[in-house]
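Trainee:
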Amino acid sequence: MDPNASRPAPRLAVRALAWAALPVFLVAGCSSDSGDDTTDDEPAPSASPTPEPVRFATLPEPCSTLGEDTVGDIVPEADPAAGETLSSSDTSTSGACLWSGLDDYQFRSLTVALRRFDSDVTIGSGDERAEEYLRQMSDEVTGDEANRDVEAADLGDTGESAVTIAYTVTKETEEEGEQDYRQHRVAARTGNVVVTVDYAGAGFEGDDMPGADTVREAAEAAAREAVAAVDASENAENAEGGAGDGRQGGEEGREEGGAGEDEAGDEPPSTDDV
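Numbering (mature numbering (1 follows the signal peptide of the UniProt record, and there is no 0)) for the sequence shown: -20 to -1, 1 to 254.
1. With a cut-off of 8 Å on the beta carbons, I'd call VAL174 and ALA180 a contact; round off their distance for me.
2. Rounded to whole angstroms, what is the Cα-Cα separation between VAL121 and ALA27?
3. LEU94 and PRO42 look like a contact to me (Cβ under 8 Å); what is the Cβ gap, rounded to whole Å?
4. Which residues does DSSP pair with ARG128 in a beta bridge?
5. Identify which residue in ASP100, SER141, GLY139, ALA126 has its Cα closest to the Cα of THR150.
6. CA-CA distance, LEU39 and SER67?
7. Give me the Cα-Cα distance between residue 294 and SER44, rounded to the nearest whole angstrom.
8. Roughly how many angstroms lie between the CA atoms of ALA8 and THR170, to the nearest whole one?
9. Please classify ASP178 as buried or exposed, where buried requires at least 16 other C-beta atoms within 10 Å of its C-beta.
10. Would you report the Cα separation of THR30 and SER105, rounded to the nearest angstrom?
11. Compute the distance between the beta-carbons of THR148 and ARG128, then report whether it is under 8 Å.
12. Quick check on ASP53: does DSSP put it in helix, strand or coil?
13. In terms of residues, what are the limits of the alpha helix (DSSP H) holding LEU114?
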């Protein structure tokens, strides 16, 4: 059977899978009381607390976090090879890139998502908020009853903290009916940034799924490379004078809506124009 004849249906599955694999981007709500009811007898108010400085005031381009050779190894026949940048309402705090490819009947999809947090005196430092987000990214997979054979573990040598999660999921496709996907998520924190890598593989037309170790090793390698790219962006930021007011972290976080105690879900990057 001509492999090209089966491409349209898998391409539709690629889009659905990419959407399901994207991390959920969260922003915080905000409320505060300025407390301006004072009397002449009261002492002068103390200076406002200063948000803790953060390592990263910006994010690198998500599609630039992986090299061409890495993408070629992990996502054979990726189209486009440079990846597709998924739209974000604020690229200084979140962004994602998608690579997907079909090599004969073997499908692969890889998403690298970046999420940056500013410090806020009412809800914590950028690092603390990022660590909480990392836990949410882990719980999103381990807490989903649709995922099977879930195996989660801490991952070393990848940022300051990281978790690696293997699982299998069955999805409905128009042409194939039920289709099994081997999936893996790595969420890693470096400073106030979380890198989330979602990698998936499947065999269409009766081909076997890739092995669990193969998928895990690819996802972890991609995560380490993406974290290194984020770390390298700090040096570029400093060289360009990016260590000024933006690194104090408070004002930009509040513009994003980050002064409240409860975090609510924001829309993930859009795939409408993919």
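Don't be surprised by glycine CBs; every beta carbon is placed ideally from N, CA and C.
Note that the structure is predicted; figures quoted are calculated from it, not measured.
Mentor: The relevant details are as follows:
1. About 20 Å separates the Cβ atoms of VAL174 and ALA180, ruling out a contact at the 8 Å cut-off.
2. Going from the Cα of VAL121 to the Cα of ALA27 covers about 43 Å.
3. Their Cβ separation, rounded to whole angstroms, is 6 Å, which keeps LEU94 and PRO42 in contact under 8 Å.
4. Partner(s): THR148.
5. In this structure, ALA126 is the residue among ASP100, SER141, GLY139, ALA126 with its C-alpha nearest to the C-alpha of THR150.
6. Note on geometry: alpha-carbon atoms of LEU39 and SER67 lie some 14 Å from one another.
7. With the chain covering -20 to 254 only, the question about residue 294 has no answer from this structure.
8. Reliability fails at ALA8, whose pLDDT of 31 lies under 50, so the model's placement of it is uncertain and the value that follows must be treated cautiously. Straight across, the Cα-Cα distance linking ALA8 with THR170 is about 20 Å.
9. It counts as buried.
10. The C-alpha of THR30 lies about 11 Å from the C-alpha of SER105.
11. In contact: THR148 and ARG128 (Cβ atoms closer than 8 Å).
12. Three-state result, ASP53: helix.
13. For LEU114, the enclosing alpha helix (DSSP H) starts and ends at 106 to 122.
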